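First up is the structure itself, then whatever we jot down about it.
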Amino acid sequence: KQWYQRRVAITAGDTAEDRGEENVIDTWVRDNEMITKYLKEWIPLFTSTFHTTLYTSVRKSSLTLLRKIVRYMTTDILHMLDEGNSSHSAQIVEIIAAVLDVENDDNVVPGLMMVRDLCEKAPDIYTDHFCRLGVINNISKRSDNFTEEKLKVKKEKSTDCDSALIPLL
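Start counting at 1 in the sequence shown, then tack on 487, and there's your number in our numbering.
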């Protein structure tokens, strides 16, 4: 938001008299429209690239680009993307569901980061999609597995220390 306001200040003039509040608001809305125009083309491109490629580096790059798109989108832009019959939000959640379905993959962390960002910015849009595609269940299973593994590691460390101390006594 600040970047766009700075750009307005540079193009309209540096003094407060040169740029009015109306000019700032109009330019901000116009920039949101341009952003949504490009994102409506880029999101399907990156999601289809992720689904169709067999190369892990290409999948990781397209997921990284989608994660950056989600990270830097504002709530207004997310709502503008969801207007009408667009399936952009469903496409993003399908990518997240596909990433979280894989057990041992490096792409899980960016997928979880996308879930966090989407839940913070537009929970009203994405909660239904997350429930429908099982993302919430998948995350809860992962968190249960994580806590069980953590408990096992703590038990193993305590037994290893005890067995190491026995010969010393």
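Each residue gets a CB set at the ideal place from its N, CA and C atoms; glycine is no exception. These figures come from a predicted structure and were not determined experimentally.
Own chain partners of residue i with C-beta closer than 8 Å, once the 5 adjacent residues on each side are dropped
| i | result |
| --- | --- |
| Ala-584 | Leu-620, Gly-621, Val-622, Asn-625 |
| Ile-512 | At Ile-512, the pLDDT of 49 sits below 50, so the modelled position is not reliable; the number obtained from the coordinates is stated separately. Excluding positions up to five away in sequence, the list is empty. |
Residue interval of the alpha helix (DSSP H) (run including residue i)
| i | result |
| --- | --- |
| Leu-568 | 562 to 569 |
| Asp-657 | Absent from the model: residue 657. The displayed extent of the chain is 488 to 656, so no value can be given. |
| Asp-593 | No alpha helix (DSSP H) contains Asp-593, which DSSP labels as neither H nor E. |
| Leu-550 | 543 to 559 |
Own chain residues within Cβ distance below 6 Å of residue i, not counting five before or after
| i | result |
| --- | --- |
| Met-567 | Thr-523 |
| Lys-608 | Thr-562, Leu-565 |
Assumed close pair residue i, residue j - CB separation to whole angstroms, cut-off 8 Å
| i | j | result |
| --- | --- | --- |
| Val-580 | Phe-617 | 6 Å |
| Ser-549 | Phe-533 | 5 Å |
Backbone CA spacing between residue i and residue j [nearest angstrom]
| i | j | result |
| --- | --- | --- |
| Ser-627 | Tyr-613 | 17 Å |
| Glu-588 | Glu-528 | Checking the sequence shown, residue 588 turns out to be Asp, not Glu. Approximately 26 Å, taken between the alpha carbons. |
| Ser-630 | Asn-594 | 16 Å |
| Leu-652 | Leu-599 | Caution applies to Leu-652, whose pLDDT of 39 falls short of 50 and renders its modelled position unreliable; the value that the coordinates give is listed next. Roughly 41 Å between the two C-alpha positions. |
| Phe-537 | Leu-526 | 16 Å |
Own chain partners of residue i with C-beta closer than 7 Å, once the 5 adjacent residues on each side are dropped
| i | result |
| --- | --- |
| Leu-605 | Val-557, Tyr-613 |
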